[in-house]
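Throughout, this note's numbering is defined as the position within the sequence shown, counted from one, plus 1046.
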Amino acid sequence: MEFFNAANDSSTVITVTDCSHAPHRLSGGNHSVASGALPNNWSQEEDGSLGYSVQQWRRVRRSCIPEKPNPSLSLWSVIKTCLGKELCKIPMPVNFNEPLSMLQRLSEDLEYSELLDRAAGCHSSVEQLCYVAAFSASSYSTTAHRTGKPFNPLLGETYELDRLEESGYRSLCEQVSHHPPAAAHHVFSQRGWTLWQEITIDSKFHGKCISVMPLGTIHLQFHSSGNHYTWSKVTSTVHNIILGKLWIDQSGDINIVNHVTKESCRLKFSPYSYFSRDASRKVTGVVTDSENRARFVLSGTWDDKIESAKIVESSGEASEQRTVYPTEAPKQLWKKYPLPENAENMYYFSSLALTLNEPEDGVGPTDSRLRPDQRLMEAGLWDEASAEKQRLEEQQRERRRRRRGKENEGYHPLWFERRTDCITGETSYVYKGGYWEAKESQDWSMCPDIF
Ligand SMILES: CC(C)CCC[C@@H](C)[C@H]1CC[C@H]2[C@@H]3CC=C4C[C@@H](O)CC[C@]4(C)[C@H]3CC[C@]12C
């Protein structure tokens, strides 16, 4: 087998287009053009949903990536001297990565965007809140076995997820700060909602486990009603750092507030307990209205499904102690899709995750898909990936030094700007526009060269 060393030529794209597990070398980005004039990643489908048959072209996205190689290197041996440190300050070889950047990982929260489409169509705002709550829990659906560390994006790295045609939304992330690492995210959906957030990750290595605390507020607004929701994330804990198989637990509360109607929902994620396994991965919550009356009960698990049940007599006030309410029959709001075939050898990626790093024409030059070390790592070329990662990081330090030299010029993100939020009072980076217009005209002259 012959592999190409991209360390000398970062314009080369290594792609794997079929499901055999050896990496193939393809040069250039033009792998999508088949012998006919049409790209081979489009397929014609018959759509009968309109009552007559239409031939439609649909993009076929990849459903596999190269299997994860398995050289055993103990995580403990690499990080045992880093007790108390933050995860992003612990130098680690790519062996512990997954072939996605943190920006791609954040975009994965949209896997169940359909819940928000449905929420947008609710007439009752308490029912809408139930769907929003189910959506917030659904972003943890594949986390239990996803123990790979996403790549820490370079400053100015971006990731677009244009699923306008398939799912009605367009999403853009940008890494807006390096120390501490922070990403800004903006999603616009034609199906009636906009979501935005800025997220920083605080983490600590405790010895036996690592706790990861994503900080920042998620905002969601529905276009027709103007209902504006906010919430934040729970703590993720990586267990078995010293011995055994790594696994991840989620614990803590998510408090979702509709700032227009003052309705709210408190979702509790119970931590894993050796003594009551039933409680593991459990999510429970109560939706209360503006008078603090309990209206819906939510229950389920973050890795399988969430149900809602309407409370019958809306008499009692919600209270911390109260856990049992008389309800109507429960209704399933969310059910996890099964993992794709062979997922256990592909970093436990979901179907959406498998498609995130697929090369795509027309994306910005700072897009995670173009990051060479990540591409090499995906292809299983770990040594080459590690070398390339070092080169990119050194180059980033050099850019930082040059900025310092120039009059204390702080860093300014390209697509996001600082604004004070009228609800939380916090300042955060919000989308200022322009990315999709630049994509439309393929004029990327404003973009830095980070790879
Ligand atoms: C060295 C190794 C073991 C450390 C691995 C740490 C990994 C598992 C951590 C680091 C950052 C974490 C992510 C931080 C933020 C979010 C967004 C949220 O909506 C879903 C969970 C998710 C996506 C976390 C999943 C777990 C995560 C990926």
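Glycine residues also receive a C-beta, built at the ideal position from the N, C-alpha and C atoms.
In this text, all values refer to a predicted model and were calculated from it rather than measured experimentally.
With distances taken between CA atoms, Y1371 lies nearest to A1340 out of A1340, S1397 and A1389. Beta-bridge annotation (DSSP): V1280 is not paired with any residue.
Counting only runs that start and end inside the region 1180 to 1260, the beta strand (DSSP E) elements of at least 3 residues fall at 1195 to 1197, 1204 to 1209, 1215 to 1223, 1228 to 1235 and 1239 to 1251.
Look at P1145: its beta carbon is at least 7 Å from all of the heavy atoms in ligand 1.
Taking T1283 as the centre and dropping the five residues before and after it, the same chain places the C-beta of C1255, S1257 and D1295 closer than 6 Å to its C-beta, in chain order. Residue H1191 holds the alpha-carbon nearest to the alpha-carbon of Y1394 among N1143, H1191 and T1204. Membership of W1122 in the alpha helix (DSSP H) is indicated by the continuous run L1121 to I1125. Out of R1237, I1245 and H1224, the CA that lies nearest to the CA of A1230 is found in I1245. Taking 7 Å as the cut-off, one finds at least one heavy atom of ligand 1 near enough to the beta carbon of F1142.
Around the Cβ of K1435, a 10 Å sphere holds 16 or more other Cβ atoms; the residue is buried. Beta-bridge annotation (DSSP): T1334 is paired with S1310 and A1340. By the C-beta density criterion, D1419 is buried, having at least 16 other C-beta atoms within 10 angstroms.
Contact between Y1205 and S1235 is ruled out by a C-beta separation of about 17 Å, above the 8 Å threshold. For the pair K1356 and V1172, the Cα-to-Cα distance works out to about 10 Å. If the five residues before and after H1265 are omitted, its C-beta is found closer than 6 Å to the C-beta atoms of W1242 and T1276, all from its own chain and listed in chain order.
Contact annotation: L1379 and A1166 have beta-carbon atoms that are not nearer than 8 Å. Boundaries of the beta strand (DSSP E) harbouring Q1296: W1293 to N1304, taken from the DSSP string. At least one heavy atom of ligand 1 sits closer than 7 Å to the Cβ of I1294. Assigned with DSSP and collapsed to three states, F1268 falls in strand. Taking 7 Å as the cut-off, the C-beta of R1192 counts as close to a heavy atom of ligand 1.
Exposed is the label assigned to N1116, since fewer than 16 other Cβ atoms lie within 10 Å of its Cβ. Rounded to the nearest whole angstrom, the CA to CA distance from S1182 to E1390 is 25 Å.
Beyond the five residues adjoining it in sequence on each side, Q1221 comes within less than 6 Å, by CB distance, of P1199, L1201, E1203 and A1229 in the same chain, given in chain order. Short of 6 Å from the beta carbon of S1432, and not among the five residues preceding or following it, lie these beta carbons of its own chain, in chain order: P1139 and V1140.
Just measuring C-alpha positions, the residue of V1178, N1286, T1401 and E1359 sitting nearest C1311 is V1178. Here DSSP, grouped into helix, strand and coil, assigns Q1378 to strand.
Taken through DSSP and simplified to helix, strand or coil, P1145 comes out as strand.
Selection L1385, G1479 and T1347 evaluated against Y1318 yields T1347 as nearest (Cα-Cα). By the neighbour-count criterion, in which a residue is buried when 16 or more other Cβ atoms sit within 10 angstroms of its Cβ, H1169 is exposed. For M1138, the shortest separation between its Cβ and any heavy atom of ligand 1 lies below 7 Å. C-alpha of F1251 to C-alpha of Q1488: approximately 43 Å in a straight line. Checking the DSSP bridge columns, you'll see S1345 partnered with T1330 and E1353. Here P1112 is buried: its Cβ has 16 or more other Cβ atoms, across all protein chains shown, within 10 Å.
A direct Cα-Cα distance of roughly 15 Å separates V1306 from V1333.
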